[in-house]
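Whatever position you read off the first sequence (first residue = 1), add 378 for the working numbering.
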Amino acid sequence: MLKEYYETLFSAYGPQHWWPGRSRFEVIVGAILTQNTSWTNVERAISNLRREKLLTLPAIRRARPSRLAQLIRSSGYFRQKARKLKAFANFVYANYSGSLTRMFRAPTQQLRHQLLAVHGIGPETADSILLYAGRHPVFVIDAYTRRLLERHSLASPSDSYEHLRSLFERSLPADHQLFNEFHALIVHVGKNFCRKSAADCHSCPLRRFLPLATLP
DNA sequence: TGCCAGGCCGGGT
DNA sequence: ACCCGGCATGGC
Numbered sequence: 379m380l381k382e383y384y385e386t387l388f389s390a391y392g393p394q395h396w397w398p399g400r401s402r403f404e405v406i407v408g409a410i411l412t413q414n415t416s417w418t419n420v421e422r423a424i425s426n427l428r429r430e431k432l433l434t435l436p437a438i439r440r441a442r443p444s445r446l447a448q449l450i451r452s453s454g455y456f457r458q459k460a461r462k463l464k465a466f467a468n469f470v471y472a473n474y475s476g477s478l479t480r481m482f483r484a485p486t487q488q489l490r491h492q493l494l495a496v497h498g499i500g501p502e503t504a505d506s507i508l509l510y511a512g513r514h515p516v517f518v519i520d521a522y523t524r525r526l527l528e529r530h531s532l533a534s535p536s537d538s539y540e541h542l543r544s545l546f547e548r549s550l551p552a553d554h555q556l557f558n559e560f561h562a563l564i565v566h567v568g569k570n571f572c573r574k575s576a577a578d579c580h581s582c583p584l585r586r587f588l589p590l591a592t593l594p
C-alpha cells in the first residue's frame with residue numbers, strides 16, 4: 379500500500395534532493411530550527427550563522443547563548459532553540475569527542491535513544507538527524523506525514539508517533555535513500571495539496587487512493 | 001488581523 | 001500514560 383504511494387509520488391515528481399544543507403551539521407541545525415516553524419524563517423537564521431562562521435560544532439559550543447539567540451531570531455522560539463543547539467553540541471563532545479562521524483557510526487537504536495535524551499530533541503528531530511544527516515534508515519513522521527495518513531484513513535489522530543513510524547518501517551525495506559525520498563515527496567504533496575485549510579485534492583497525484591467517502 | 005508553520009519541554013492529572 | 005500552556009517569528 380505505502381509502496382504504491384511512493385511509486386505514484388516518485389513518478390509524479392521525481393527525486394527531491396533532500397535535505398537542503400551543505401553539511402551534515404547544517405542539516406542538524408536546520409532540523410532543530412525548523413521545529414514548528416516554516417522553513418523560510420529558518421533559512422534566514424542559517425545564513426546568519428554561516429555569515430558569522432557559526433555553522434560548525436566547535437563554534438556553536440563556544441558561542442554565548444545570547445549571541446546565538448540573536449542570530450537565529452527569525453526562526454522563532456529563539457532563546458529555546460539557542461539552548462537546544464548548545465545542548466546538541468555539548469552532547470557530541472561529551473559522548474563522541476566532538477565528532478559527528480563517530481556519532482553516526484553508532485548503532486541506529488542506541489544513537490536514537492541517546493539523541494532523545496538531549497534537551498530539545500524529540501522523536502521527529504532525532505529521526506530527521508538520523509535519516510537526513512546520518513543516512514540511518516529511520517522514517518520521519520512529521521505534521522505532513524500524519525495529515526496524509528489521516529486524510530487517507532490510514533491513521534487516526536490518537537495514533538502515537540512510534541506507531542506511525544513502525545507502520546512505515548515494517549511496510550518498506552530499510553533503505554535510507556528510499557525513506558529520504560519518500561518523506562521528502564510527502565512534504566512536497568503536503569505543501570501543495572494537503573494544507574490545513576484549502577484542501578483541494580483535485581489535482582493531487584494521490585487522489586486515486588482516497589477512500590470514496592472522503593472525496594471532496 | 002488572526003492563524004499557521006516540517007515540535008518539544010515541564011508540570012500536572 | 002496523556003494533557004496542556006509556554007515558547008516567538010514572519011507570511012498570508
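Don't be surprised by glycine CBs; every beta carbon is placed ideally from N, CA and C.
Below 8 Å CB to CB, which residues in the same chain sit around residue i once its five sequence neighbours on both sides are set aside?
i: Val470; result: Leu435, Gly476, Ser477, Leu478, Met481
i: Ala460; result: Pro443, Ser444, Leu446, Ala447, Ile450
i: Ile410; result: Lys459, Lys462, Leu463, Phe466, Gly498, Ile499, Thr503
So, at 7 Å on beta carbons, what are the nonlocal neighbours of residue i in its own chain, with the 5 sequence-adjacent residues on each side left out?
i: Arg457; result: Ala447
i: Ala467; result: Leu435, Ile438, Arg439
Just to confirm my understanding: we take residue i, look at its own chain, exclude 5 residues before and 5 after, and list those with CB closer than 6 Å. What are they?
i: Thr523; result: Ile564
i: Ala390; result: Pro583
i: Ala552; result: Pro515
i: Phe571; result: Cys579, Cys582
By how many angstroms is the C-alpha of residue j removed from the C-alpha of residue i?
i: Ala576; j: Arg525; result: With a pLDDT of only 44 at Ala576, under the threshold of 50, the placement of this residue in the model should not be trusted; the figure read from the coordinates follows. In a straight line, the C-alpha of Ala576 is about 13 Å away from that of Arg525.
i: Ser444; j: Leu387; result: 43 Å
i: Arg529; j: Arg548; result: 21 Å
i: Arg601; j: Tyr474; result: Since the first and last residues shown for the chain are 379 and 594, residue 601 lies out of range.
i: Arg442; j: Pro485; result: 32 Å
i: Lys381; j: Arg451; result: 40 Å
i: Asn558; j: Tyr510; result: 7 Å
i: Arg585; j: Gly392; result: 18 Å
i: Arg422; j: Ser536; result: 35 Å
i: Leu489; j: Ser538; result: 21 Å
i: Pro501; j: Leu493; result: 9 Å
Residue i lies in the alpha helix (DSSP H); which residues open and close that run?
i: Asp537; result: Here Asp537 belongs to no alpha helix (DSSP H), and DSSP marks it neither H nor E.
i: Gly408; result: 402-411
i: Gly568; result: 554-571
i: Val420; result: 417-429
i: Met481; result: 478-483
i: Leu527; result: 521-529
Can you give the beta carbon distance from residue i to residue j, rounded, assuming they're within the 8 Å contact cut?
i: Ile424; j: Val407; result: 6 Å
i: Leu449; j: Leu432; result: 7 Å
i: His514; j: His554; result: 6 Å
Within this structure, are the beta carbons of residue i and residue j separated by less than 8 Å?
i: Ala562; j: Trp396; result: yes
i: Ala465; j: Val420; result: no
i: Leu527; j: Val516; result: no
i: Tyr384; j: Phe587; result: no
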